[in-house]
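The next block holds one structure in the form of structure tokens; read it before the comments.
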Amino acid sequence: MDNPFNLHNDDSYARWREHKLARAPQNLEDLIVEVRDPRALLPSEHKALRLRIKDCNMAIYASPIKIADTNIPRLLGKQFGLEHLDANWLADGDGISEIRVFEAGARQQYIPYTDKPIKWHTDGYYNSPERNILGMILHCVQPAGQGGENRLMDHEIAYLRLRDVNPEFIRALSTPHAMTIPERADEHGVARAAQSGPVFSVRNGQLHMRYTARTRSIVWHPETLAAVKQLEQILTSDDQHIYRISLESGMGLLCNNVLHDRESFIDDVTQPRLLYRARFLDRI
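Using my numbering, you'd call the opening residue of the sequence shown number 11 and step up by one each time.
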């Protein structure tokens, strides 16, 4: 089979690599598509977003729709085959999470719901394999007063950079025991069992990545340590395929769960930061 992610298929990888780098966006502006209403895209808008996702697994949409409406990510996702939401325990009843600062309750214990920085990761890295997050939408209702910038990197480019240095890094990160998230306990006992799995896996011919750069509550298999260090160097480099963006009202990220982070921010007390996050078990 002509699978570029097979470490024994160097010719297929070389062809895929050449095409990938030729089609990769050269700057952030290449990712952005102006749309009239993400809830009901025009055919030309849909095509423009899909082409960008085909090339680099992500696209940024910019719209004049600045209202607080969770139907925005829901209806946008449906237009790209994203229908099965991962209704994690901190999501709201409709399966969409409000990413904002919470001053009380369970959410304030978790970094996404604070104003602190979030290290590089793909969403749902602690999920079981049958509930991997394949697609994601991050929609901005209100940006922070200061800060909150995201960095984005196509996980296929990260794979490419690692494989170019040493294919054995890919092999180590593709084993079922590569990365383990320890169990999460609450007052009732084990709320989530420990979850081991690969960083890189292939589903229906498509590359999926499961990763976090956090150093607490994570266990790396000894065989992966050199690869993990190399990946950290890639993500802290000035690689031209790491894109920086501060989402404004009406803008959003539509992606196949690419690598991303977030810098710390300071809220405007009169208009606090609010984003909607929709995680899907589907791929675009």
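Every residue, glycine too, gets a C-beta built ideally from N, C-alpha and C.
Are there 16 or more other CB atoms within 10 angstroms of the CB of residue i, so buried, or fewer, so exposed?
| i | result |
| --- | --- |
| Ile191 | buried |
| Glu304 | Here the chain comprises residues numbered 11 to 294, so residue 304 is not present and cannot be evaluated. |
| Ser247 | exposed |
| Pro153 | buried |
| Lys126 | exposed |
| Ile106 | buried |
| Ala182 | buried |
| Glu242 | exposed |
| Thr234 | buried |
| Leu61 | exposed |
| Gly115 | Unreliable placement is indicated for Gly115, whose pLDDT of 49 sits below 50; the coordinate value is still reported in the next sentence. With fewer than 16 Cβ atoms within 10 Å of its Cβ, Gly115 is classed as exposed. |
| Pro208 | buried |
| Val238 | buried |
| Leu86 | buried |
Quickly, what does DSSP pair residue i with across the bridge? List them, please.
| i | result |
| --- | --- |
| Gln156 | Ile276 |
| Ala288 | Ile147 |
| Gln89 | DSSP, once it has assigned bridges, lists no residue as partnering Gln89. |
| Ile191 | Gln205 |
| His131 | Thr222, His270 |
| Leu264 | Ala69, Ile147 |
| Ser259 | DSSP output for Ser259 lists no bridge partner at all. |
Would you report the Cα separation of residue i and residue j, rounded to the nearest angstrom?
| i | j | result |
| --- | --- | --- |
| Ile63 | Ile42 | 11 Å |
| Leu172 | Asp96 | 29 Å |
| Asp292 | Ile167 | 21 Å |
| Lys76 | Asn16 | 44 Å |
| Ser256 | Gly157 | 8 Å |
| Glu113 | Thr185 | 40 Å |
| Asp47 | Leu59 | 13 Å |
| Asp278 | Trp130 | 25 Å |
| Lys88 | Asn266 | 14 Å |
| Thr222 | Asp21 | 31 Å |
| Pro53 | Tyr71 | 14 Å |
| Arg84 | Thr124 | 24 Å |
| Ile82 | Gly134 | 21 Å |
Which of the three DSSP states, helix, strand or coil, is assigned to residue i?
| i | result |
| --- | --- |
| Phe210 | strand |
| Asp96 | coil |
| Asp271 | strand |
| Glu113 | coil |
| Ile121 | helix |
| Leu17 | coil |
| Leu183 | helix |
| Leu254 | Per the sequence shown, residue 254 should be read as Arg rather than Leu. Strand at Arg254. |
| Ile294 | coil |
| Ser22 | helix |
| Arg141 | helix |
| Arg161 | strand |
**Study point:** Every unbroken beta strand (DSSP E) inside the segment 218-252 [3 residues or more]
**Key:** Runs of the beta strand (DSSP E) spanning 3 or more residues and lying entirely within the segment 218-252 do not occur at all.
Review point. Can you give, in chain order, each stretch of the beta strand (DSSP E) that sits fully within the segment 24-78 and has at least 3 residues?
Key: Correct list: 42-44, 68-72.
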